[in-house]
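Undergrad:
Residue numbers (my numbering): 80 to 270.
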């Protein structure tokens, strides 16, 4: 009888530890927190100040996803909302510019394109990655001074987003939440 209690207690303790571990692992995968300019590494601070060029910084977030940290700064520059993602070493990873429109609406300075307008290697990759799915939208963006094609598609009832370089290389592929239109904090899809 005593042995059964020990087995049950050990099993219960194992389940508790497993559940706690899974919860911590999920939390460790993605974490965002608002920070001030004084709380970021010096290289990041210099880059943000250079990018903002005197503009008022609206918000800085420290995002940690799967152990990788990125700093995201938003500011208004020349009447346009700018969002810059910066690596801990100060490298600009991504820059997006939105123009102010009437009544506070925004539209991003990304160019929507059709599948027939993208380079042949990009078209080949997008078609291969979206086989059996429906392409909803393709946008041409500039990241690090290079063209990047971002395709949103639905496959097996799930929304996905894929980023492809001009040479057809897959840069990023991720699943999107059902109600997600443009968040970048969704889980990676490693199919």
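All C-beta atoms, glycine included, are put in the ideal place defined by N, C-alpha and C.
If we call anything under 7 angstroms between Cβ atoms a contact, is residue 234 one with residue 255?
TA: No, they are not a contact pair.
Undergrad: Got a sec? Which residues, its chain only, sit under 6 angstroms from residue 240 by beta carbon, not counting five neighbours each side?
TA: Same-chain partners within the cutoff: 231, 253, 255.
Undergrad: Do the segment 197-215 and the segment 156-166 meet, that is, are 3 or more Cβ pairs less than 8 angstroms apart?
TA: Contact between the segment 197-215 and the segment 156-166 is absent, because fewer than three Cβ pairs lie under 8 angstroms.
Undergrad: Are the CB atoms of residue 229 and residue 218 nearer to each other than 7 angstroms?
TA: Yes, they are a contact pair.
Undergrad: Pull up the DSSP beta-bridge partners for residue 217, would you.
TA: According to DSSP, residue 217 bridges with 192, 230.
Undergrad: Can you check whether the CB of residue 163 is closer than 7 angstroms to the CB of residue 174?
TA: Result yes, Cβ atoms of residue 174 and residue 163 sit closer than 7 angstroms.
Undergrad: On the three-pair Cβ rule with 8 angstroms, is the segment 198-206 touching the segment 145-156?
TA: No, the segment 198-206 is not in contact with the segment 145-156.
Undergrad: Pick out whichever of 146, 224, 150, 216 has its Cα sitting closest to the Cα of residue 114.
TA: Nearest C-alpha to residue 114: 150.
Undergrad: Taking the alpha-carbon of residue 110 as reference, which of 141, 83, 246 has the nearest alpha-carbon?
TA: Nearest option by C-alpha distance: 141.
Undergrad: Residue 171: which of 145, 245, 123, 247 sits nearest, CA to CA?
TA: Ranking the options by Cα distance to residue 171, first place goes to 123.
Undergrad: Tell whether a beta-carbon distance below 7 angstroms holds between residue 189 and residue 220.
TA: In contact: residue 189 and residue 220 (Cβ atoms closer than 7 angstroms).
Undergrad: Let me make sure I understand the geometry here. Which of 194, 134, 132, 139 has the alpha-carbon closest to that of residue 112?
TA: That would be 139, whose Cα lies nearest to the Cα of residue 112.
Undergrad: Could you check if residue 132 is buried or exposed, using at least 16 other CB atoms within 10 Å of its CB as the buried criterion?
TA: Classification for residue 132: exposed.
Undergrad: Any idea which residues DSSP pairs residue 251 with across the strands?
TA: Looking at the DSSP assignment, residue 251 forms a beta bridge with 242.
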